[in-house]
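Chemist: Have a look at this one.
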Amino acid sequence: METRYLGNSGLRVPALSFGTGTFGGKGQLFGSWGNTDVAEASRLIDICLDAGLNLFDSADVYSGGMAESILGEAIKGRRDKVLISTKATFRFDENDPNGVGSSRFHLLRTIDAQLKRLGTDYIDLFQLHGFDAKTPVEETLRTLDDLVRAGKIRYLGVSNFSGWHLMKSLAVADRYGWTRYVANQAYYSLIGRDYEWEQMPLGLDQGIGGVIWSPLGWGRLTGKIRRGQPRPEVSRLPGSSDFGPPVDEERLYRVVDALDRIAEETGKTVPQIALNWLLQRPTVSTIVIGARNEEQLKQNLGAVGWNLTPEQVAVLDEASAVTPAYPYWHQRTFERNPSPV
Numbered sequence: 014m015e016t017r018y019l020g021n022s023g024l025r026v027p028a029l030s031f032g033t034g035t036f037g038g039k040g041q042l043f044g045s046w047g048n049t050d051v052a053e054a055s056r057l058i059d060i061c062l063d064a065g066l067n068l069f070d071s072a073d074v075y076s077g078g079m080a081e082s083i084l085g086e087a088i089k090g091r092r093d094k095v096l097i098s099t100k101a102t103f104r105f106d107e108n109d110p111n112g113v114g115s116s117r118f119h120l121l122r123t124i125d126a127q128l129k130r131l132g133t134d135y136i137d138l139f140q141l142h143g144f145d146a147k148t149p150v151e152e153t154l155r156t157l158d159d160l161v162r163a164g165k166i167r168y169l170g171v172s173n174f175s176g177w178h179l180m181k182s183l184a185v186a187d188r189y190g191w192t193r194y195v196a197n198q199a200y201y202s203l204i205g206r207d208y209e210w211e212q213m214p215l216g217l218d219q220g221i222g223g224v225i226w227s228p229l230g231w232g233r234l235t236g237k238i239r240r241g242q243p244r245p246e247v248s249r250l251p252g253s254s255d256f257g258p259p260v261d262e263e264r265l266y267r268v269v270d271a272l273d274r275i276a277e278e279t280g281k282t283v284p285q286i287a288l289n290w291l292l293q294r295p296t297v298s299t300i301v302i303g304a305r306n307e308e309q310l311k312q313n314l315g316a317v318g319w320n321l322t323p324e325q326v327a328v329l330d331e332a333s334a335v336t337p338a339y340p341y342w343h344q345r346t347f348e349r350n351p352s353p354v
């Protein structure tokens, strides 16, 4: 497994990491993703470690904490062999007015609960799951810096931030000498390239590594969805489409047609090609893959160890291209402000 630096840090992470959203299966959203138990999670982690994939991503809200608990059980006795990434910020307790956000109160309590569920005394990478506009950035960053100094967290990141959210946070951290974010867990796929408009240039400038979630476009690039064919019966889409990133259907089919053409040329699967395209993009440190079962996992692991040709990348670029929103389309017309890709 190829390893890469996590942004401007000294930590090397595998090009592919494993997402635990399928662990537990509690609730409509996570139930549609999967219901992996401890035994199956242990087996999937065995396969990952054998392939050199040692970074496992979770969050407190995944199945109401069950995903973290299952991950903790599945790595017992081998904590030193894995890297743990997890997230918090979204509402965890419906009955507690402080059971949400990035306040000092919520973060301190949440981290302790996550450490207990994960069965560890430190988190390798902790990411804010979203931007909390109600809590001063200074309060959040000072709290996270305290947690790093206490040894409970080793590296910091964010997820689902706007570019200005992240840049403001970095400026505040620099002003006070607090721990900087080095990771940005963001949605990026062949059918969702908004990441390239602002977050990718920011990552290049500020040394922020992309931790890419839903690289197969919320299950749309698995090879099961094609023009003129019925949707698959087993899919995350029917139970979770309202939560996922939107995409124009004609654009989706255009991308899938291009993927099918390259699959014939390479002998690789549609998901492997979609993942490999991402691995060649700037700032991408690791791609979070998920799997309901061993077969899906092994197929996704086949995305590494080879590269699409420049000509094949160009075909996929063209098929997936959209006109950026303003001011990004205007900026691309200026010779001294080139696209980062």
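Under my numbering, think of the first position of the sequence shown as 14, with each following residue one higher.
Glycine included, each C-beta is placed from N, C-alpha and C at the ideal position.
(1) What number of angstroms, rounded off, separates the C-alpha of F144 from the C-alpha of T102?
(2) How about Q3 and D73: are their beta carbons less than 8 Å apart?
(3) Looking at V113: is its Cβ nearer than 8 Å to the Cβ of A87?
(4) Tell me the rounded alpha-carbon separation between L96 and G241.
(5) Go ahead and label R104 buried or exposed: buried means 16 or more other beta carbons lie within 10 angstroms of its beta carbon, across all protein chains shown.
(6) Can you check DSSP and say which residues form a bridge with K100?
(7) Could you tell me which residues DSSP pairs with Y18 in its beta bridges?
(8) If I'm right that F223 touches V171 with Cβ under 8 Å, what's the distance once you round it to whole angstroms?
(9) Taking the Cβ atom as the reference point for each residue, do P340 and N313 lie within a distance shorter than 8 Å?
(10) Report the CB separation of E209 from P353 in whole angstroms; it is logged as a contact under 8 Å.
(11) Hey, would you say T33 sits closer than 8 Å to L84, going by beta carbons?
(12) Using alpha carbons as the reference points, say which of Q344, I225, D261 and F174 lies closest to R294.
(13) Which of the three DSSP states is assigned to L234 in this structure?
(14) Look at the Cβ atom of T35, then the Cβ atom of G47, and state whether they are nearer than 8 Å.
(15) Look up Q198 in the DSSP assignment and give the residues it is bridged to.
(16) So, P228 versus I136, is the Cβ gap smaller than 8 Å?
(17) Hey, would you say L310 sits closer than 8 Å to A304, going by beta carbons?
(18) Tell me the rounded alpha-carbon separation between E262 and R233.
(19) Does T133 come out as helix, strand or coil in the three-state DSSP assignment?
(20) Y189: buried (16+ other C-beta within 10 angstroms of its C-beta) or exposed?
(21) Pick out whichever of M213, D218, Y266 and F256 has its Cα sitting closest to the Cα of K402.
(22) Expressed to the nearest angstrom, what Euclidean distance is found between the alpha-carbon atoms of A28 and E15?
(23) Distance check for K94 and L62, CA to CA, integer angstroms please.
(24) Does the beta-carbon of F174 have 16 or more other beta-carbons within 10 angstroms, so that it is buried, or is it exposed?
(25) Sort E81, G37 and R92 by Cα distance to T99 and report the nearest one.
(26) Using CA atoms only, rank isn't needed, just tell me which of W177, G37, W290 and L157 is closest to W319.
(27) To which residues of the same chain is L120 closer than 8 Å at the C-beta, ignoring the five residues directly before and after it?
(28) Taking just the CA atoms, how far does S76 sit from I286?
Modeler: Concretely, from the data shown:
(1) Numbered from its first residue, the sequence shown carries residue 144 at position 131. Numbered from its first residue, the sequence shown carries residue 102 at position 89. Each residue's alpha carbon lies about 8 Å from the other.
(2) It is not possible to answer for residue 3, since the shown part of the chain is limited to 14 through 354.
(3) If you number the sequence shown from 1, residue 113 lands on position 100. If you number the sequence shown from 1, residue 87 lands on position 74. Contact check for V113 against A87 fails: the beta carbons are separated by 8 Å or more.
(4) Here residue 96 refers to the residue found at position 83 when the sequence shown is read from its first residue. Here residue 241 refers to the residue found at position 228 when the sequence shown is read from its first residue. Computed Cα separation, rounded: 42 Å.
(5) Along the sequence shown, read from residue 1 onward, the residue named residue 104 stands at position 91. Exposed, by the Cβ-count rule.
(6) Along the sequence shown, read from residue 1 onward, the residue named residue 100 stands at position 87. In the DSSP output, where bridge partners are listed per residue, K100 has Q140.
(7) For this step, residue 18 is matched to residue 5 along the sequence shown. According to DSSP, Y18 bridges with R25.
(8) As a working mapping, residue 223 is identified with position 210 in the sequence shown. As a working mapping, residue 171 is identified with position 158 in the sequence shown. Checking the sequence, you will find Gly at residue 223 rather than Phe. 11 Å between Cβ atoms; not a contact.
(9) The residue labelled residue 340 in the question sits at position 327 within the sequence shown. The residue labelled residue 313 in the question sits at position 300 within the sequence shown. The answer is no: Cβ separation not under 8 Å.
(10) Here residue 209 refers to the residue found at position 196 of the sequence shown. Here residue 353 refers to the residue found at position 340 of the sequence shown. The pair is a contact, with the Cβ atoms about 7 Å apart (cut-off 8 Å).
(11) Indexing the sequence shown from 1 puts residue 33 at position 20. Indexing the sequence shown from 1 puts residue 84 at position 71. Against a cut-off of 8 Å, the Cβ pair of L84 and T33 comes out as a contact.
(12) Here residue 294 corresponds to residue number 281 of the sequence shown, with the count starting at 1. When only C-alpha atoms are compared, the closest one is I225.
(13) Taking the first residue of the sequence shown as 1, we reach residue 234 at position 221. Per DSSP, reduced to three states, the secondary structure at L234 is coil, with no helix or strand assignment.
(14) On the sequence shown, position 22 is the one that residue 35 refers to. On the sequence shown, position 34 is the one that residue 47 refers to. Yes, the Cβ-Cβ distance between T35 and G47 is below 8 Å.
(15) Stepping through the sequence shown from its first residue, residue 198 is reached at position 185. Paired residue(s): S172 and V224.
(16) By one-based count along the sequence shown, residue 228 stands at place 215. By one-based count along the sequence shown, residue 136 stands at place 123. No, the Cβ-Cβ distance between P228 and I136 is not below 8 Å.
(17) Residue mapping note: residue 310 aligns to position 297 of the sequence shown, counting from 1. Residue mapping note: residue 304 aligns to position 291 of the sequence shown, counting from 1. Yes, the pair counts as a contact, with Cβ atoms nearer than the cut-off.
(18) By one-based count along the sequence shown, residue 262 stands at place 249. By one-based count along the sequence shown, residue 233 stands at place 220. Straight-line Cα distance between these residues: approximately 10 Å.
(19) If you number the sequence shown from 1, residue 133 lands on position 120. It is coil, neither helix nor strand.
(20) To locate residue 189, count along the sequence shown from 1; it is residue 176. Classification for Y189: exposed.
(21) Nothing about residue 402 can be read from this structure; the chain reaches only from 14 to 354.
(22) Locating residue 28 in the sequence shown gives position 15, where the first residue counts as 1. Locating residue 15 in the sequence shown gives position 2, where the first residue counts as 1. Near 6 Å, if we compare the C-alpha coordinates of E15 and A28.
(23) What you label residue 62 is simply residue 49 of the sequence shown in a count that begins at 1. What you label residue 94 is simply residue 81 of the sequence shown in a count that begins at 1. Their Cα atoms are separated by approximately 8 Å.
(24) For the purposes of this step, residue 174 is taken as residue 161 along the sequence shown, with counting starting at 1. By the neighbour-count rule (16 or more Cβ atoms within 10 Å), F174 is buried.
(25) Along the sequence shown, one-based indexing puts residue 99 at 86. Selected option, being the one with the closest Cα: E81.
(26) Here residue 319 corresponds to residue number 306 of the sequence shown, with the count starting at 1. The shortest C-alpha separation from W319 is found at W290.
(27) For this step, residue 120 is matched to residue 107 along the sequence shown. Here the set comprises A101, T153, T156, L157 and L160.
(28) Translated into the one-based positions of the sequence shown, residue 286 becomes position 273. Translated into the one-based positions of the sequence shown, residue 76 becomes position 63. Whole-angstrom Cα-Cα distance: 30 Å.
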